[in-house]
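Colleague: FYI, in full-length UniProt numbering the residues of the sequence shown are 1 to 303. We put the beta carbon where it would ideally sit given N, CA and C, even for glycine. Since the structure is predicted, the reported quantities are computational estimates derived from the model, not experimental observations. Got a structure for you, written out below as structure tokens; questions coming shortly.
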Amino acid sequence: MIEVNRLTKRYGRVTAVNDLSFTVRSGHVTGFLGPNGAGKSTTLRMILGLHAPTSGSATVAGRDCRGLRRALRQVGALLDAGDVHGGRTARDQLRFLARSNAIPAGRVEEVLREVGLSAAADRRIGGFSLGMRQRLGIAGALLGDPPVLIFDEPLNGLDPEGVLFVRNLFRRLAAEGRTVFVSSHLMTEMEHTADRLIVVGRGELLADETVAEFAARGSQQTVQVRTTDPAELVTALTAGGARVAQAPDGLLTVTGLDATAIARTALDHRLLIHELVPRTGSLEQAFMELTGSSVEYAAGARA
Ligand SMILES: Nc1ncnc2c1ncn2[C@@H]1O[C@H](COP(=O)(O)OP(=O)(O)OP(=O)(O)O)[C@@H](O)[C@H]1O
1 MIEVNRLTKR YGRVTAVNDL SFTVRSGHVT GFLGPNGAGK STTLRMILGL
51 HAPTSGSATV AGRDCRGLRR ALRQVGALLD AGDVHGGRTA RDQLRFLARS
101 NAIPAGRVEE VLREVGLSAA ADRRIGGFSL GMRQRLGIAG ALLGDPPVLI
151 FDEPLNGLDP EGVLFVRNLF RRLAAEGRTV FVSSHLMTEM EHTADRLIVV
201 GRGELLADET VAEFAARGSQ QTVQVRTTDP AELVTALTAG GARVAQAPDG
251 LLTVTGLDAT AIARTALDHR LLIHELVPRT GSLEQAFMEL TGSSVEYAAG
301 ARA
């Protein structure tokens, strides 16, 4: 479990994180979502004890990470995949990490296999693609077999096969009861990756809920309807208080009445319906609605 309590970080006049509190539970993949500059990386660095908060606290499994010995056994993290010694081979890099955290060397081969890098283990990291660096970073996070894992934008640079691999890995880690906390600035990435979301904007908490709850918020419920007599159904539905938009191909998009009420109206008017599909707004739409003003702020209006 990760607990963040009234965490604040100021850089001079810039408030990167403002009075932020949330809990990341074990057994779930939790997405940490927010537009560029929302304060995600700063928060993750404070959780990991790499940056000191201006005020507030962050703990991992009840402990402050600052000065933690053999830290990789408590919490594994991928922060910046580019931030590695390019002259080392992948195997050497992981062996170095294992040694400094008192992790048995045999574990290096296991994590190389797990992330699909065994064949590239003796190549220098400097020649790795971004996707390979991400895999290596994930291997480093897994090395100490920790109960808590933190990944900052881990899907960056991965091809579709890599994205699928990482998603499945995260699900498995969560199913094993670990805490998996994954940042992204793209809702589309989190939609199929996380089951819970913590959303931030301007360094402040905007939402802390399940992906399904998030999708339902703020986005209008509509129902798509097809009938053999659109004009008559539009008249009947409008009289019943609905708003109806009609596409050139006859598809009706109805707001203000649910599917049951629409079907009942059609029956009352002896109209045949041959399509009736309730739709909630997309996650992307909910995200844009929630963070709209934060994006503007991050674009340069910060004072
Ligand atoms: N060392 C620093 N000195 C000054 N300002 C900083 C520093 N680190 C971060 N900031 C500022 O703090 C704010 C939050 O940055 P942060 O990198 O945490 O956001 P983020 O949500 O991770 O964004 P991104 O998705 O772009 O990585 C930004 O306005 C950034 O410019």
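Within 10 angstroms of its Cβ, does Glu153 collect 16 or more other Cβ (buried), or is it exposed?
Modeller: Result: buried.
Colleague: My understanding is that Ile125 touches His85, with C-beta atoms under 8 Å, so please give their C-beta distance in whole angstroms.
Modeller: 7 Å between Cβ atoms; contact.
Colleague: If Gly131 sits next to Leu112, beta carbons under 8 Å apart, how far is it from one beta carbon to the other, in whole angstroms?
Modeller: Going by Cβ atoms, the distance from Gly131 to Leu112 rounds to 15 Å, so no, they are not a contact pair.
Colleague: Could you tell me how far apart the beta carbons of Val182 and Leu290 are, in whole angstroms, since I believe they sit closer than 8 Å?
Modeller: Not really, about 18 Å apart at Cβ, beyond 8 Å.
Colleague: Buried or exposed: which applies to Pro35, given that a residue is buried once 16 or more other Cβ atoms fall within 10 Å of its Cβ?
Modeller: Pro35 comes out buried.
Colleague: Would you list, in sequence order, the uninterrupted beta strand (DSSP E) runs of no fewer than 3 residues that lie entirely inside the region 66-100?
Modeller: Within the region 66-100, the complete beta strand (DSSP E) runs of at least 3 residues are 75-78.
Colleague: Determine the DSSP secondary structure at Arg264, reduced to helix, strand or coil.
Modeller: Three-state DSSP puts Arg264 in a helix.
Colleague: Answer yes or no: the CB of Val29 versus the heavy atoms of ligand 1, is any distance below 7 Å?
Modeller: No, the beta carbon of Val29 sits no closer than 7 Å to any heavy atom of ligand 1.
Colleague: Which complete alpha helix (DSSP H) runs does the region 185-219 hold, if anything under 4 residues is left out?
Modeller: Complete alpha helix (DSSP H) runs here, min 4: 187-191 and 211-216.
Colleague: Assuming Thr235 is part of the alpha helix (DSSP H), what are its boundary residues?
Modeller: Thr235 -> alpha helix (DSSP H) spans Pro230 to Ala239.
Colleague: Less than 8 Å between the beta carbons of Ile150 and Val75, yes or no?
Modeller: Taking 8 Å as the Cβ cut-off, Ile150 and Val75 qualify as a contacting pair.
Colleague: Bridge partners of Gly31, per DSSP?
Modeller: Partner(s): Val182 and Leu197.
Colleague: When every heavy atom of ligand 1 is checked, does at least one fall within less than 7 Å of the C-beta of Ala77?
Modeller: For ligand 1, not one heavy atom lies less than 7 Å from the Cβ of Ala77.
Colleague: To the nearest whole angstrom, what separates the beta carbons of residue 304 and Arg6, a pair I think is in contact under 8 Å?
Modeller: In the structure as shown, the chain starts at 1 and stops at 303, and residue 304 therefore has no counterpart that could be examined.
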